[in-house]
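One structure is given below, encoded as structure tokens.
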Amino acid sequence: MTSWLAFLPPSRGTLQMLRRRLELAKRGLTILQMRREMLAKELVLLLSELRRRREAEEAFARALQRAAELRASRGEIEFRSMASLAKPPRIELVAVSYQGVPVRQARVAGEPDLSAVHDPEFREVAEELWRALAGMIEVANVEEAAAEVGKQLVSINQVANSLERSVIPSLEDAVKRVEEWVANRELEDFVRARRLRGG
Numbered sequence: 011m012t013s014w015l016a017f018l019p020p021s022r023g024t025l026q027m028l029r030r031r032l033e034l035a036k037r038g039l040t041i042l043q044m045r046r047e048m049l050a051k052e053l054v055l056l057l058s059e060l061r062r063r064r065e066a067e068e069a070f071a072r073a074l075q076r077a078a079e080l081r082a083s084r085g086e087i088e089f090r091s092m093a094s095l096a097k098p099p100r101i102e103l104v105a106v107s108y109q110g111v112p113v114r115q116a117r118v119a120g121e122p123d124l125s126a127v128h129d130p131e132f133r134e135v136a137e138e139l140w141r142a143l144a145g146m147i148e149v150a151n152v153e154e155a156a157a158e159v160g161k162q163l164v165s166i167n168q169v170a171n172s173l174e175r176s177v178i179p180s181l182e183d184a185v186k187r188v189e190e191w192v193a194n195r196e197l198e199d200f201v202r203a204r205r206l207r208g209g
């Protein structure tokens with residue numbers, strides 16, 4: 011039994027207060043169970059999206075390999091010169107809600123500008139590298155969302171388990187104890203009243 015429940019004075023007022031708290035705890039548990047179910051479904055969806063990770067990593071590795079081969083064939087100076095013509099993408103951090111869980115996500119605010127790169131081979135490698143990087147950003151966003159939703163799910167699970175295994179049984183025991191006391195008190199009062207009336 012929760013420690014404070016043991017020290018409650020048995021009375022009708024205490025019984026009403028305990029019943030209200032018990033009802034509130036049960037409603038809270040129901041809400042938490044529904045929330046837990048929604049978060050679990052969201053987590054399953056996010057984890058299914060993470061299957062693309064391997065594909066995104068392979069595409070990124072291929073793009074890096076192509077860039078390394080181009081750098082080796084054309085030389086460092088020419089490669090750096092061409093790379094300096096490309097303007098990098100603009101990436102912003104934004105807050106996105108997944109079933110009410112706030113998650114920081116990277117969003118592309120502006121794609122890289124390759125208009126100054128006129129060499130077709132350099133341009134093709136840069137475009138491939140950007141597509142691969144965009145895929146990795148998407149995967150990172152999904153990973154971050156899955157981690158945050160998972161943390162929230164664990165937290166809700168702990169509270170729901172505490173209510174289910176400790177708080178609600180303690181309140182039910184206290185209600186039963188006080189109900190018995192109130193019933194005994196009412197019986198004693200009834201017997202005393204009959205004696206006083208002479209019956």
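Using our numbering, you'd call the opening residue of the sequence shown number 11 and step up by one each time.
Idealized CB from N, CA, C, for every residue including glycine.
The Cβ-Cβ distance between Val152 and Leu60 falls below 7 Å. Around Arg133, the same chain offers Leu124 and Val127 as residues with beta carbons nearer than 8 Å, after the five sequence neighbours per side are excluded. Considered as a whole, the region 98–127 harbours 100–108 and 111–120 as its complete beta strand (DSSP E) runs of no fewer than 3 residues, in chain order. Of the residues Ala16, Leu53, Met146 and Leu18, the one whose Cα lies closest to the Cα of Ala69 is Met146. Approximately 17 Å separates the beta-carbon atoms of Gln162 and Leu39; this is outside 8 Å, ruling out the contact. Contact between the region 15–29 and the region 171–185 is present: three or more C-beta pairs spanning the two stretches fall below 8 Å. Within the same chain, Cβ atoms closer than 7 Å to the Cβ of Leu56 are found at Val152, Ala155, Ala156 and Val159, the five residues on either side in sequence being excluded. One thing to note: Val149 has its Cβ no nearer than 7 Å to the Cβ of Leu80. A Cβ-Cβ separation of about 15 Å leaves Ala96 out of contact with Ala142 under the 8 Å criterion. Here the alpha carbon of Ala82 sits roughly 55 Å from the alpha carbon of Gln168. Taking 4 residues as the shortest admissible run, the region 17–85 contains the following complete alpha helix (DSSP H) segments, listed from N- to C-terminal end: 22–59 and 62–84.
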